[in-house]
Amino acid sequence: MAENADLFAPLAEMKKSMEKGQKEMKEMKKGQEEMKKELEMGQEEMKNLIRAEKEEMRAHFENQVEEMKEHVNRSIGKVEEDVQGVKQRLTNFKKRSSSSSRE
1 MAENADLFAP
11 LAEMKKSMEK
21 GQKEMKEMKK
31 GQEEMKKELE
41 MGQEEMKNLI
51 RAEKEEMRAH
61 FENQVEEMKE
71 HVNRSIGKVE
81 EDVQGVKQRL
91 TNFKKRSSSS
101 SRE
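Residue numbers are given in the UniProt record's numbering: position 14 of the sequence shown equals residue 14, and the series is strictly consecutive.
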């Protein structure tokens, strides 16, 4: 009987050790699952931030392009006014030249 007790003691110890190992593995698995969830949430948050940043940049560029268009249109308008002014002066000069050559 004593021999059986000697055999059962190490087996009981092994069983305890295995149960403890299984419990630790379950805890590790739970921790891994929590980390995976946190990582997925972090990735989703990063995607949202990137989307928001892209939208902000797009809006900024559109605004800059619109401002440039307005500036170009104002410049074109100014050049057209200058051209009209030069044409008017040429017309006046031609009128004066033709009237002074008749005299």
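The beta carbon of each residue, even a glycine, is placed where N, CA and C say it ideally should be.
If you draw a straight line from the Cα of residue 47 to the Cα of residue 15, it comes to about 47 Å. Taking the CA atoms as reference points, residue 74 sits about 11 Å from residue 67.
Distance from the CA atom of residue 21 to the CA atom of residue 7, rounded to whole angstroms, is 21 Å. Between residue 37 and residue 60, the alpha-carbon positions lie close to 34 Å from each other.
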